[in-house]
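Undergrad: Numbering that gives the first Met the number 0 applies: residue 0 is where the sequence shown begins, and numbers increase by one.
One structure follows; several queries about it will come next.
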Amino acid sequence: MSCGRSVAASFAVALGLLAVAAMPAAAETVVKIGLINSYTGFVAQAGDQAQKAIDLYLKEHEKDLPPDVKIEILRRDDTANPEVGKRLAQELITREHVQLLTGVILSPVAAAIAPLTAEAKVPLLISIAAGGSAIPRISPYVARVSFTLWQQGYPIGKWAAEQGWKTAFTAVSDFIPGHDSELSFTKGFTDAGGTIVGAVRMPPQNPDFVPFVQRVRDAHPDVVFIWVPSVQATALMKAVRDLGLREAGIHITSAQDLLPDEQLPAIGDIGLDLITSGMYSTAAERPANAAFLAAWQRAYGDTAIPDFLSVNAWDGMVAIFDLVKATKGKFTADEAMNFLKGWKNPDSPRGPITIDPETRDIVQNVYIRRLEKVEGKLANIEIATIPQVKDPWKELNPAK
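Structure below.
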């Protein structure tokens with residue numbers, strides 16, 4: 000009898016195991032994210048800075064996702080071309096059925112993509128650059144965690160006038176962010192009593208800066224505001240050095256793109272004591288920045304220096320992970336936008352940040368920085384903080 004019971008029990012256990020094996024495994028939720036970046040083209044260096052941060056964040060935090068939730072990043076190269084970016088976004092939406100788009104360096108690319116997000120109801124989180132102020136107004140499905148040029152140009156314009164400098168010249172790249180930086184500096188400088196005595200716009204790709212810098216030297220303003228994409232900063236500063244602009248008594252100021260952290264060794268001492276406005280510096284003494292730099296050092300050692308683009312991309316991943324964790328990876332476009340509107344990160348390497356629920360644009364500290372030499376290395380040292388700056392353009396031009 001006992002043998003019979005044992006056989007019956009074993010048979011029952013075997014049936015139970017077969018039943019368990021036959022049960023379908025818990026379905027894995029895969030969140031598909033379309034990442035549009037510039038891996039080739041004239042801002043490819045910036046694309047690499049951002050991609051390193053995205054890869055690092057995934058390596059450090061993929062374990063933090065909810066059980067059975069996975070993020071799949073579909074990388075696409077817009078080649079710094081708006082038409083290519085638009086086509087890639089369309090393919091990611093219609094063929095790959097991504098739940099969210101992110102990335103984007105160039106404002107013209109973001110402006111080309113934005114209408115598609117409204118048509119398809121797929122959110123775009125601008126997380127690298129694309130600092131043109133008007134972009135979120137193109138579509139209600141666009142939010143930004145990077146910056147706007149108005150956030151930096153307007154404060155530094157006011158600061159320049161407060162130094163007692165009466166006349167200014169602007170020299171900027173001839174596309175959306177250059178136009179925004181020119182207008183914002185001009186507004187800040189003239190509002191504070193200064194006068195613009197000249198302006199020039201330079202080709203955004205492969206420019207010869209010497210003729211433009213010569214025009215600045217000939218005009219001899221008290222100060223020149225220069226904006227070029229960060230990837231061109233070293234070439235521009237070499238033209239400044241070669242034409243002796245500073246020796247001629249002309250002050251120079253800009254937004255953060257003129258003195259990006261990763262190019263400071265190449266720019267050299269010609270940039271010493273220059274004042275710029277920006278939202279990040281590797282020299283910032285904040286616990287979150289120390290943690291970010293430690294992770295970066297572990298991953299890349301001395302082969303790469305992070306900059307503001309790296310931190311923007313990092314924060315973009317923080318926002319995406321927060322969304323996925325809050326929803327367990329299941330969200331509609333409207334639910335994603337409602338989450339992003341008002342999203343906050345009090346511990347970004349750049350300081351506390353939030354997305355304005357009304358404008359869907361970033362609110363963040365803007366720092367006035369002086370380029371100094373610290374322990375033999377150049378560093379953008381924060382000398383003043385303008386706390387929690389909204390986009391001034393939207394404040395000056397309310398939506399109708």
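C-beta: ideal position from N, C-alpha, C; glycine also.
Between 130, 128, 131, 86, which has its C-alpha nearest residue 116's C-alpha?
TA: It is 86.
Undergrad: Restricting to Cα atoms, I'd like to know which of 35, 31, 327, 44 is closest to residue 306.
TA: Answer by Cα proximity: 44.
Undergrad: What residue range does the alpha helix (DSSP H) around residue 112 cover?
TA: Unbroken alpha helix (DSSP H) run through residue 112: 106 to 119.
Undergrad: Measure how close the beta-carbons of residue 374 and residue 283 come, nearest whole angstrom, since I'm counting them as under 8 Å.
TA: The pair is not a contact, with the Cβ atoms about 16 Å apart (cut-off 8 Å).
Undergrad: Kindly indicate which three-state DSSP category residue 297 falls into: helix, strand or coil?
TA: Reduced to three states, the DSSP call for residue 297 is helix.
Undergrad: Indicate whether the contact test is met: 3 or more Cβ pairs, each with one atom in the stretch 62 to 69 and one in the stretch 316 to 333, closer than 8 Å.
TA: The stretch 62 to 69, when compared against the stretch 316 to 333, does touch it at the 8 Å Cβ threshold.
Undergrad: Using alpha carbons as the reference points, say which of 139, 201, 239, 302 lies closest to residue 267.
TA: Residue 239 is the option with its Cα nearest to residue 267.
Undergrad: Nearest-angstrom Cα distance between residue 176 and residue 105?
TA: Distance between the alpha carbons of residue 176 and residue 105 is about 8 Å.
Undergrad: Counting C-beta neighbours from all protein chains within 10 Å, is the total for residue 401 16 or more, i.e. buried, or is it exposed?
TA: With the chain covering only 0 through 399, there is no way to say anything about residue 401.
Undergrad: Which class does residue 2 belong to by DSSP, given the choice of helix, strand or coil?
TA: Any answer about residue 2 is weak, because its pLDDT of 45 lies below 50 and its placement is not dependable; what the coordinates show is given next. In this structure, residue 2 counts as helix in the three-state DSSP scheme.
Undergrad: Nearest CA to the CA of residue 91: which residue from 75, 230, 53?
TA: Looking at the Cα atoms, 75 is the closest of the given residues.
Undergrad: The alpha helix (DSSP H) that contains residue 214, what's its start and end?
TA: It spans 209 to 218 - the alpha helix (DSSP H) in which residue 214 sits, taken as one unbroken run.
Undergrad: Taking all protein chains shown into account, do 16 or more other C-beta atoms lie within 10 angstroms of the C-beta of residue 21, making it buried, or fewer, making it exposed?
TA: Here the model assigns residue 21 a pLDDT of 43, short of 50, so the residue's position is not dependable, and the following value carries that caveat. Result: exposed.
Undergrad: Can you grab the Cα-Cα spacing for the pair residue 279 / residue 348, in whole Å?
TA: Their Cα atoms are separated by approximately 8 Å.
Undergrad: Should residue 211 and residue 170 be called a contact, given that it needs their Cβ atoms to be closer than 9 Å?
TA: Yes. Within cutoff.
Undergrad: Which of the three DSSP states is assigned to residue 122 in this structure?
TA: Residue 122 falls in the coil class under three-state DSSP.
Undergrad: Okay, do the stretch 252 to 269 and the stretch 329 to 347 touch, 3+ Cβ pairs below 8 Å being the bar?
TA: Result no; under three Cβ-Cβ pairs closer than 8 Å.
Undergrad: Counting only runs of 3+ residues fully inside the stretch 323 to 398, write out the beta strand (DSSP E) ranges in chain order.
TA: Counting only runs of 3 or more, we get 343 to 347, 350 to 354, 361 to 373, 376 to 388.
Undergrad: How should residue 391 be labelled, buried or exposed, when 16 other C-beta atoms within 10 angstroms of its C-beta is the threshold for buried?
TA: Counting Cβ neighbours within 10 Å, residue 391 comes out buried, since at least 16 surround it.
Undergrad: Please report the distance separating the alpha-carbon of residue 23 from that of residue 327.
TA: In this prediction, residue 23 has a pLDDT of 42, which is less than 50 and means its spatial position is unreliable; what the coordinates show is noted afterwards. The straight-line gap from Cα to Cα measures roughly 20 Å.
Undergrad: Residue 153: which of 54, 100, 254 sits nearest, CA to CA?
TA: Nearest of 54, 100, 254 to residue 153, Cα basis: 254.
Undergrad: Can you give the Cα-Cα distance for residue 298 and residue 109, rounded to whole angstroms?
TA: One C-alpha to the other measures close to 30 Å.
Undergrad: By DSSP, does residue 138 sit in helix, in strand, or in coil?
TA: Correct three-state label for residue 138: coil.
Undergrad: When DSSP labels each residue in this structure, what does residue 263 get in the three-state scheme?
TA: Helix at residue 263.
Undergrad: Look at the Cβ atom of residue 396, then the Cβ atom of residue 126, and state whether they are nearer than 9 Å.
TA: No, these two residues do not count as a Cβ contact at 9 Å.
Undergrad: Go ahead and pull the three-state DSSP assignment for residue 80.
TA: Coil at residue 80, not helix or strand.
Undergrad: Could you compute how far the alpha carbon of residue 376 sits from the alpha carbon of residue 233?
TA: So the two alpha carbons sit approximately 16 Å from each other.
Undergrad: Look at the Cβ atom of residue 197, then the Cβ atom of residue 220, and state whether they are nearer than 9 Å.
TA: Yes, the Cβ-Cβ distance between residue 197 and residue 220 is below 9 Å.
Undergrad: Apart from the five residues just before and just after residue 230, which ones in its own chain have a Cβ nearer than 6 Å to its Cβ?
TA: These residues qualify, in order along the chain: 42, 44, 45.
Undergrad: Is the beta carbon of residue 73 closer than 9 Å to that of residue 315?
TA: No. Outside cutoff.
Undergrad: Distance check for residue 144 and residue 387, CA to CA, integer angstroms please.
TA: About 13 Å.
Undergrad: Span of the alpha helix (DSSP H) holding residue 103?
TA: Run containing residue 103: none; DSSP gives neither H nor E here.
Undergrad: Taking DSSP as the reference, what is the three-state secondary structure of residue 172?
TA: Looking at residue 172 - three-state DSSP - the assignment turns out to be strand.
Undergrad: What residue range is occupied by the uninterrupted beta strand (DSSP E) comprising residue 199?
TA: Start and end: 194 to 201.
Undergrad: In three-state terms, what does DSSP make of residue 127?
TA: It is coil, neither helix nor strand.
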